[in-house]
Amino acid sequence: MAAKQQNRLINLLQAELQKRGLRTLIDAPEDNDEQSGIHDLKHYTRKALKDVGQISTHSYGANNPAGLKSLAAHLHKPLRQTEYGDGEPTGMKMARRIRDDLAILRPISCCYWQAVDYAGWGLLNNPLEADGTQNFFATRKFYTFEQFTRFLRPGCNLIACGDQNSIAGYDPSSHTLAIVTVNDSMADFTVTYDLSGFSATSPTAQPYRTSQSEDVKQLAPLTVKNQKFVSVIPAQSVTTFVLQHAMAN
């Protein structure tokens, strides 16, 4: 739908909502990628922009997340990522998209499409037999997804980690810090995590990992020394580190 037609639809919809006494937010433009969303929003009329309650985007193209984030902030509108999915069965492509969306796009919510499917798309696999047979099982992608959703809980503050592979979430109510690191390359790498932004943390970091042979496996704790700890991140893996008693400076 062209931006001109979106304008018309938004204005008509807002008029009808007001007529019915409804305060439902209008969500737009929900394009396939960020740059398309930027293009459409810049061609909205002033009234259409006023009528839009929140901005949404899919992140299949992931071609200008920082630009859309900046535009949403300029317009004082909340920003949501409302769809992403892929057919890569290990979840590593998905993990890269989740990490980059959280770190760069910074939406208030993310949505994976679709949770149940076959041929590599689903977090749960179902063959979708014509006779109605249901044979669900958790895929590797389910556990890769869990590396984020189990530890980066709603209400946590996202923290930039200074690298292109990690995202951290701090829960101020439980004083828990979770760091998720994605290695979607074909080689291992080593990371030194600097926690000097916190006045105190637990003496150990508890790692959990999903890889080709692990499903959110709890590993041996790593020692935190002088507010730092070091870990090798294997190729094609996602590792989450959880630190309790984290006190922000």
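Per my numbering, residue 3 is the first one in the sequence shown, and the count goes up by one each step. Using N, Cα and C, we set each Cβ at its ideal position, and we do this for glycine too.
Asked                                                                                                                                                            : Found
Comparing alpha-carbon positions, which option in F144, Y210, S168 lies nearest I106?                                                                            : S168
Just verifying my parser: in three-state terms, what is the DSSP assignment at T146?                                                                             : helix
Residues in its own chain within less than 7 Å of F231 by CB, not counting five upstream and five downstream?                                                    : Y195, A207, L224, T225
Where in the segment 46-82 do unbroken runs of the beta strand (DSSP E), each at least 3 residues long, occur, reported from the N-terminal end onward?          : 54-60
Which ranges does the beta strand (DSSP E) cover as unbroken runs of at least 3 residues, wholly within the segment 204-243, from first to last along the chain? : 206-212, 230-235
What number of angstroms, rounded off, separates the C-alpha of P209 from the C-alpha of P67?                                                                    : 29 Å
Taking the beta strand (DSSP E) that L24 falls in, what are its first and last residues?                                                                         : Neither: L24 is in no beta strand (DSSP E) and is coded neither H nor E.
Any idea if P31 is buried or exposed, counting beta-carbon neighbours within 10 angstroms, 16 or more meaning buried?                                            : buried
Quick one: what's got a C-beta closer than 6 Å to D186's C-beta in the same chain, skipping five residues either side?                                           : M94, R98
Just checking, does the segment 42-58 make contact with the segment 11-26 on the three C-beta pairs under 8 Å criterion?                                         : yes
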